[in-house]
Amino acid sequence: MSELLDNKEAATKAVVDWMAKKSKTKTKFYFKDFYKVFPDDKPRLIKKVINKMVEEEVLEYWSSGSTTMYGLKGAGIQHSSEGEK
Amino acid sequence: MAKHETPLLDQLESGPWPSFVSDLKQQAEVRAKNEKGVEFQIPQDCVDDLLGVLELSYKHGRTHWKHGGIVGVFGYGGGVIGRYCDQPGLFPGVEHFHTMRVNQPAGKYYTTDYLKKLTELWDFRGSGVTNMHGATGDIVLLGTTTPQLEEIFWTLTHDYNQDLGGSGSNLRTPADCLGQSRCEYACYDTQALCHFLTNEYQDELHRPAFPYKFKFKFDACPNCCVASIARSDMSFIGTWRDNIRIDQDAVNKYVENDAAYPANAGAHKDRDWGLFDLEKEVLSLCPTKCMKFDNKKLSIDDANCTRCMHCINVMPRALKIGEDTGLSILCGAKAPILDGAQMGSLLVPFVKANPDNDYEEITEIIENVWDWWMEEGKNRERLGELIMRQGFQKLLEVTGIEAQPQHVAYPRTNPYIFWKEDEVTGGWERDVEEFRKHHLR
Amino acid sequence: MAFISTGYNPEKPMENRITDIGPRDYNEFYPPVIKNNKGKWSHHEILEPGVLVHVADSGDEVYTVRVGGCRLMSTSHINEICEIADKHCDGYVRFTTRNNIEFMVDSKDKVEPLKNDLASRKFDGGSFKFPIGGTGAGVTNIVHTQGWIHCHTPATDASGTVKATMDELFDDFQHMKLPAQLRVSMACCLNMCGAVHCSDIAILGYHRKPPMLDHEYLDKICEIPLAVAACPTAAIKPSKQKLADGTEVKSVAVKQERCMYCGNCYTMCPSMPLADTEGDGIVLMAGGKVSNRISDPKFSKVVVGFIPNEMPRWPSMTKTIRNIVNAYSNGANKYERLGDWAERIGWEKFFEACEIEFTHHLIDDFRQQAYMSWRQSTQFKF
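Residue numbers (numbering that gives the first Met the number 0), protein chains in the order written: chain A, 0 to 84; chain B, 0 to 440; chain C, 0 to 381.
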């Protein structure tokens, strides 16, 4: 595991910063997009850390039913356009 | 009195096949009367409105539902599908009408105690409309509102010892045939393996991190009653590697057309196909022609048998699967979207299903496949498409499996082998000066 | 309708939360005769359509009565199933992969009362609640998807097309007079959340018009990059559009000839609806199978490119299916599946026998597998 992924605060910050930077154009990302934030880590390790961020309400899922994407909690317009607060 | 007129749907009440319209109408009435005194947590008339919106679709020839991706239960990326009606003014009872997938027990056996608890919960907190079962295998609960999702999940997990199934880029709820529980053809215990892997990979089932969906299905023999070979990224199909067991007396009962020995276990009883003819119905239909019947004795050249099941299906009292049983693993099956349909391709010709070591040989292969697919798979690329893109040889390489002729229907028809440098004597680095000593410029 | 809480606290979702417990253990749900004889079954026989006996090495027998069920099922109906199972089967029941319901009893004398009870139950509208059948060389229940009852991208209804088809094929559900089993499957759009591509007969909902674009609202409701990324054929690109009043808005443009009508964009973006009364309808496929018996598993082939949606009973579709089943029943050998029959007589003869017109739409032009389906031989029939 890379130092970045191992350090919870730094990892969270890296993810939040990366997503915030992209948020002008879109707010939902595939899991694979996180590989760019943690280029030195195995997907399975990244998964553990990312899912922790969901549990801590930093991130949330968006599902098309067949595929799932990740977003910063509350970001984007899906909540209002789907009529969920 | 029905809330909405449904003249088109009413025409689906006649005819012999069970009418879902009649069932929904009965359900609407049960909710309206509410003889059990249920404190409905979603609109009491939601089934009336469901009939109403369906009637409108029959009138328009178009759906009236929208997808929602936000809703779910906390911490899970799957198991809930958001649904919203696009005519909430007309049908307020189904304005928010989400689906929950509940992980069915392996083999789909139930006690009525369990089912009744489930219907009680679903009448209380949902529409009372279900799918028994969805295509993947889950119990599908059709129609509830957002605030009920966590409450239902709470009751399921705390009181029913029951978890949700998968959706999205997850391991989808695995499903199996009934296998050894009630079938003499079963070559391994599908329920045991299905249940074990479902529990072993709960994290993969609930927390999406795959490029796309991933399905396991378990067929206990090559008859493939759950269609694993056509619709699962990894299919586990029972087989054997020794000999078909023959009861010669029973074979002769079939030959003599003994009434207690109907061909194909009686599957053709309603039509007169004439007397059973072993030569015509078994020997000549055998795909490898590996059977002979001389002097009332059936012999099988088992080394040339491909275990298609035909002879066993036709004479189940006379022929039994072998005793050295296990399973084959095939990879990459999928429906046509996007690059066209694929059947599973044979990866592991034979492996034992061994619960005593937690199916170690099988989980190792699964995890190697997942590591490769998670690294290399593009977004929304199924395993079968990755195998097409990077090659079957790559699949062998990542799983550490030796190439065998069993892996192919026939060898390649082009010689364009992409040799690796270390496969060629001396490698690819050469001294052009040395070459020029013998070949002038 | 006061909200009743289980004790879940939305402020602290992780408090007392139970997760990752999986399904219930199947061992809890086996009827005793199943539990006692698991892995030790000797043989079975279909005694009559819908009624099976399995005999164990121990001599124990289990009699199964199989009935058709609607996959779309109410809790009232499930409770009635429970009532029957309590009365006859000691409180056990099972469902099959193809949405049938199996009632099991452990002795022969319990079969007739169970059958009579099941056969006597009808809905108010007149249809059977629990028709017995679905075994052997006949038609069993149709596996299907949601359709208009609950899906956002269907091109037809699922429960309705299935009801109409099963009414038409009902006699073959209750009898075993076909050459082999005939599996019918239904999926309401090309995404095939129920895989139908290896069925003897597949009913497939199909759209034929690219999505409409609600330019005025698109950028307000959808994230344009997601709509663009949703398209599997890369037919969508961001584009500035002028509304009727002259305002310029951000939206998307669709390269229509690239659209395969999958609806993935509509899933991401409700401003791109594609459902259409005339555009949507049915594709029929035939000749697939999943069993390895005699011949390899094979894909279904498209035999009718389009049949309009004819609510509520899809008569053109059911008539075509009837023709296929009749031609197969008359033409195939014992044990021969529909696809094996079609290959033996040749697909050119299949169309003749089934009275189906062959059109250019049935010649594959999609990606690499198309070539494999063209005829590279001088062997054909006139």
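Glycine residues also receive a C-beta, built at the ideal position from the N, C-alpha and C atoms. Here the structure is a predicted model, which is why all the values come from computation and not from measurement.
Q) When Cβ atoms are compared, which residues of the region 31-45 of chain A fall closer than 8 Å to chain B? A) If the cut-off is 8 Å between Cβ atoms, the region 31-45 of chain A has Lys31, Lys41, Pro42, Arg43, Ile45 near chain B.
Q: Residues of the region 328-340 of chain C with a CB closer than 8 Å to any CB of chain B: list them in chain order, please.
A: Cβ contacts with chain B come from Lys333, Tyr334.
Q) Nearest CA to the CA of B/Leu337: which residue from B/Trp371, B/Ala317, B/Ile245, B/Gly383? A) In terms of CA proximity to B/Leu337, B/Gly383 leads the group B/Trp371, B/Ala317, B/Ile245, B/Gly383.
Q: Measure from the alpha carbon of C/Glu167 to the alpha carbon of each residue in C/Thr5, C/Val324, C/Met0, C/Glu347, then state which is nearest.
A: Minimum Cα distance to C/Glu167 is reached at C/Val324.
Q.
Can you confirm whether C/Cys258, when its beta carbon is compared against all beta carbons of chain B, has any partner nearer than 7 Å?
A. Judged by the 7 Å Cβ criterion, C/Cys258 is not in contact with chain B.
Q) What distance in whole Å lies between the Cβ atoms of B/Gly164 and B/Asn102, which are believed to be in contact at a cut-off of 8 Å? A) Confirmed, about 4 Å.
**Q.** Cβ-based burial, C/Asn140 [other Cβ within 10 Å; buried from 16]
**A.** Around the C-beta of C/Asn140, 16 or more other C-beta atoms lie within 10 Å, and the residue is accordingly described as buried.
Q. Which one of C/Ser290, C/Cys150, C/Gly135 has the shortest CA to CA distance from B/Met269?
A. Here residue 269 of chain B turns out to be Asp, not Met, going by the sequence shown. Comparing Cα-Cα distances from B/Asp269 to each of C/Ser290, C/Cys150, C/Gly135, the minimum goes to C/Gly135.
Q. Which residues mark the beginning and the end of the beta strand (DSSP E) in which C/Gly386 is found?
A. Outside the displayed span of chain C (0 to 381) sits residue 386 of chain C, for which this structure offers no information.
Q) Closest Cβ-Cβ distance between C/Thr276 and chain B: below 7 Å? A) Residue contact check for C/Thr276 against chain B: a CB pair falls below 7 Å.
Q) Helix, strand or coil: how does DSSP classify C/Ile20 here? A) Correct three-state label for C/Ile20: coil.
Q | DSSP three-state assignment for C/Val253, whether helix, strand or coil | A | The DSSP-derived three-state label of C/Val253 is strand.
Q | Residues of the region 55-71 of chain B whose Cβ lies closer than 7 Å to any Cβ of chain E, in chain order | A | Looking at the structure shown, chain E is missing, and the protein chains on hand are A, B and C.
(Q) Quick check on C/Met103: does DSSP put it in helix, strand or coil? (A) C/Met103 falls in the strand class under three-state DSSP.
(Q) For a contact defined as C-beta to C-beta under 9 Å, what are the partners of B/Asp248 on chain C? (A) The premise fails here: B/Asp248 is roughly 13 Å from chain C at the closest Cβ pair, so nothing lies under 9 Å.
Q) With respect to the alpha helix (DSSP H) encompassing B/Trp369, which residues constitute its N-terminal and C-terminal limits? A) Run containing B/Trp369: 359-375, per the alpha helix (DSSP H) assignment.
**Q.** CA-to-CA distance, B/Ala229 to C/His196, given in whole angstroms
**A.** Between C/His196 and B/Ala229, the C-alpha separation is close to 8 Å.
Q.
Could you check whether the Cβ of A/Lys25 sits closer than 7 Å to any Cβ belonging to chain C?
A. Interface residue, yes.
Q | Per-residue DSSP class, three states only, for B/Glu183 | A | Reduced to three states, the DSSP call for B/Glu183 is coil.
Q. Under three-state DSSP, which class holds C/Leu337?
A. In this structure, C/Leu337 counts as helix in the three-state DSSP scheme.
**Q.** Residue of B/Arg30, B/Val37, B/Trp16, B/Asp44 minimising C-alpha distance to B/His3
**A.** Across the set B/Arg30, B/Val37, B/Trp16, B/Asp44, the C-alpha of B/Asp44 shows the shortest separation from the C-alpha of B/His3.
Q: Would you mind stating whether C/Tyr327 and C/Trp340 have Cβ atoms separated by less than 7 Å?
A: When the beta-carbon positions are compared, C/Tyr327 and C/Trp340 come within less than 7 Å of each other.
Q | Contact with chain B by A/Asn50, beta-carbon distance below 7 Å | A | A/Asn50 has a beta carbon lying within less than 7 Å of a beta carbon in chain B.
Q: With DSSP as the reference, label A/Val48 as helix, strand or coil.
A: Note: A/Val48 maps to helix in three-state DSSP.
Q | Boundaries (first-last residue) of the beta strand (DSSP E) holding B/Cys84 | A | Taken as a continuous stretch (DSSP letters only), the beta strand (DSSP E) holding B/Cys84 covers 79-84.
(Q) Need the endpoints of the beta strand (DSSP E) that B/Arg448 sits in, please. (A) This structure cannot speak to residue 448 of chain B, because chain B is shown only from 0 to 440.
Q) So which residues on chain C does A/Glu59 lean against when the C-beta distance must stay under 8 Å? A) The premise fails here: A/Glu59 is roughly 12 Å from chain C at the closest Cβ pair, so nothing lies under 8 Å.
Q: Give the residues of chain B in contact with C/Pro12, contact being defined as C-beta atoms less than 7 Å apart.
A: By Cβ distance, chain B contributes Phe73.
Q) So which of C/Thr160, C/Asp199, C/Val301 has the shortest CA-CA distance to C/Leu177? A) Among C/Thr160, C/Asp199, C/Val301, the Cα nearest to that of C/Leu177 belongs to C/Asp199.
Q: Have a look at B/Cys289, B/Cys307, B/Pro315 and flag the residue whose alpha-carbon is nearest the alpha-carbon of B/Ala259.
A: The candidate whose alpha carbon is nearest that of B/Ala259 is B/Pro315.
**Q.** Pairwise C-alpha distance: A/Trp61 and B/Arg240
**A.** Answer to the nearest angstrom: the Cα atoms are 46 Å apart.
Q) Applying a beta-carbon distance threshold of less than 8 Å, which residues of chain B neighbour C/Leu46? A) For C/Leu46, the C-beta contacts it makes with chain B under 8 Å involve Gly265, in order along the chain.
(Q) In this structure, how does DSSP classify B/Gly125 when only helix, strand and coil are distinguished? (A) When secondary structure is reduced to three states using DSSP, B/Gly125 falls in the coil class, being assigned neither helix nor strand.
Q. What is the DSSP secondary structure of C/Phe298, reduced to helix, strand or coil?
A. C/Phe298: coil per DSSP, three-state reduction.
Q) Got a sec, what are the start and stop residues for the alpha helix (DSSP H) C/Arg93 sits in? A) It is not in any alpha helix (DSSP H) - C/Arg93 instead sits in the beta strand (DSSP E) that spans 91-94.
Q. What is the DSSP secondary structure of A/Glu81, reduced to helix, strand or coil?
A. In this structure, A/Glu81 counts as coil in the three-state DSSP scheme.
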